[in-house]
Amino acid sequence: MDKTERHTYVNPVLDGYADPFVLYWQGKYYLYSTSPRNTNYEVFVSDNLVDWQNAGVCLESAWGLSRWYWAPEVMEYGGKFYMIASVDEHLGIAVADSPLGPFIPQPNWLFERSIDGHWFVDTDGTVYLYYVSWREGRPYGIYGMRMQSDIVTPDYSTEKRLLYPTEDWEKHHGEVTEGPYMVYRNGIYYLTYSGSGYTAQEYAIGYAISDSPLGEFKKYPGNPILKAGNGLYGTGHHSFAPSPDGSEWFIIYHVHRDEKRVQLRRVCIDRARFVPCEGCPDRLQVLGPTSTPQPYPSGC
Numbered sequence: 577m578d579k580t581e582r583h584t585y586v587n588p589v590l591d592g593y594a595d596p597f598v599l600y601w602q603g604k605y606y607l608y609s610t611s612p613r614n615t616n617y618e619v620f621v622s623d624n625l626v627d628w629q630n631a632g633v634c635l636e637s638a639w640g641l642s643r644w645y646w647a648p649e650v651m652e653y654g655g656k657f658y659m660i661a662s663v664d665e666h667l668g669i670a671v672a673d674s675p676l677g678p679f680i681p682q683p684n685w686l687f688e689r690s691i692d693g694h695w696f697v698d699t700d701g702t703v704y705l706y707y708v709s710w711r712e713g714r715p716y717g718i719y720g721m722r723m724q725s726d727i728v729t730p731d732y733s734t735e736k737r738l739l740y741p742t743e744d745w746e747k748h749h750g751e752v753t754e755g756p757y758m759v760y761r762n763g764i765y766y767l768t769y770s771g772s773g774y775t776a777q778e779y780a781i782g783y784a785i786s787d788s789p790l791g792e793f794k795k796y797p798g799n800p801i802l803k804a805g806n807g808l809y810g811t812g813h814h815s816f817a818p819s820p821d822g823s824e825w826f827i828i829y830h831v832h833r834d835e836k837r838v839q840l841r842r843v844c845i846d847r848a849r850f851v852p853c854e855g856c857p858d859r860l861q862v863l864g865p866t867s868t869p870q871p872y873p874s875g876c
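The opening position of the sequence shown corresponds to residue 577 in our numbering, with each subsequent residue numbered one higher.
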């Protein structure tokens with residue numbers, strides 16, 4: 577079909593991948609994710625968030641570890657591309673000159689018993705790292721810390737435990753808060769995350785807010801903001817990206833294979849927005865999950 581004839585898309589937009597993170601850079605989208613093989617990281621490229629092309633392996637191996645290559649995220653900073661990688665439940669950093677890689681791992685990983693790293697650059701240029709850990713027998717919780725100016729060295733003195741499972745919707749198939757993604761708007765830090773074990777149909781997305789990147793965070797009482805519906809289950813582990821013309825905002829997330837099976841998971845996209853709230857911070861709203869035809873992202 578000619579591009580001018582495409583008016584709608586239907587979820588899913590990518591089959592077989594999970595934990596999707598999308599980097600928008602110089603007019604193109606780069607998607608990094610957990611692959612069906614779990615033995616390296618691939619990168620997909622798109623012009624429109626809907627039609628994805630596999631651009632190959634961007635990180636072949638790291639730290640001598642051979643399994644569980646999960647949930648990578650990439651940021652551009654100072655002309656370099658920094659991947660935070662979860663490999664065999666170890667969290668570490670790899671660096672490249674291009675979003676396509678190859679990403680070269682730093683000599684040593686940062687943490688063990690940790691997954692789901694997420695970068696956030698504050699308005700003053702300070703870089704923060706968020707991640708998930710289950711240290712000392714605690715449930716899966718979200719931690720955050722500031723990074724030093726070289727980007728690859730943590731400032732361990734700033735580490736804080738920010739969120740942990742407290743709500744019923746976060747306790748299906750285990751007590752879990754994971755998949756952090758930070759959004760800043762009008763002086764408020766929105767720490768979005770997934771709750772429950774990923775194998776649960778009830779796996780869903782919520783958020784908490786603070787006036788500081790390291791909290792204290794207060795969970796939104798209307799959570800979850802994205803949950804199972806319209807024949808889609810296990811809606812979680814997300815990222816956000818703008819439409820090509822910048823007028824819309826999309827959430828990118830995965831769903832289970834179907835009502836009966838978790839694997840292989842699939843990637844979906846839907847519109848998200850902030851809704852004004854009188855006397856309180858704007859509410860984050862997701863217009864999904866959808867399984868019917870939706871307009872292509874604006875600017876396609």
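Ideal Cβ placement from N, Cα and C applies to all residues, glycine included.
#### Entry: 3 or more residues per run - each beta strand (DSSP E) lying fully within the segment 635 to 708
645 to 653, 656 to 663, 666 to 672, 690 to 697
### Query
Do Arg-761 and Asp-673 have their C-beta atoms closer together than 9 Å?
no
### Message
On the CB-based measure, 16 or more other CB atoms within 10 Å of its CB, does His-583 come out buried or exposed?
### Response
exposed
#### Entry: For Glu-618, the three-state DSSP class (helix, strand or coil)
strand
#### Entry: Member of Ser-770, Tyr-783, Val-598 whose CA lies at the smallest distance from the CA of Leu-676
Val-598
### Message
Let's test the definition: count the other Cβ atoms within 10 Å of the Cβ of Leu-808 and tell me whether it reaches 16, buried, or not, exposed.
### Response
buried
### Message
Between the alpha carbons of Gly-805 and Gln-861, how many angstroms are there, rounded?
### Response
15 Å
### Query
The beta strand (DSSP E) spanning Gly-875 covers which residue range?
Note, Gly-875: premise wrong, no beta strand (DSSP E); not H, not E.
### Query
Cα-Cα, which of Gly-791, Trp-745, Val-759, Gly-763 is closest to Ile-781?
Trp-745
### Query
Going by alpha carbons, who is nearest to Ile-828 out of Arg-613, Asn-624, Ala-784?
Asn-624
### Task
Take Trp-685 and list the residues in its own chain whose beta-carbon comes closer than 6 Å to its own, dropping the five residues that flank it on each side.
Trp-639, His-666, Gly-668
### Query
Does DSSP put Ser-786 in a helix, in a strand, or in coil?
strand
### Spatial distance of Phe-620 from Tyr-605 (CA atoms)
8 Å
### Selection from Gln-682, Gly-822, Arg-841, Trp-825 that minimises the alpha carbon distance to Val-831
Arg-841
### Query
What does Pro-852 pair with, by DSSP beta-bridge criteria?
None, per the DSSP bridge assignment.
### Query
Roughly how many whole angstroms lie between the Cα atoms of Trp-695 and Gly-603?
20 Å
### Task
Output the boundary residues of the beta strand (DSSP E) element that contains Gln-724.
Neither: Gln-724 is in no beta strand (DSSP E) and is coded neither H nor E.
### Message
Since Leu-635 and Phe-679 should fall inside the 8 Å C-beta cutoff, what is the C-beta to C-beta distance between them, to a whole number of angstroms?
### Response
4 Å
### Query
When the Cα atoms are used, what is the spatial distance from Met-758 to Lys-836?
32 Å
### Query
Whose C-beta lies closer than 6 Å to the C-beta of Gly-875 among residues of the same chain, with five residues either side of it excluded?
Ser-819, Pro-820, Asp-821
### Exposed unless 16 or more other CB atoms sit within 10 angstroms - verdict on Tyr-585
buried
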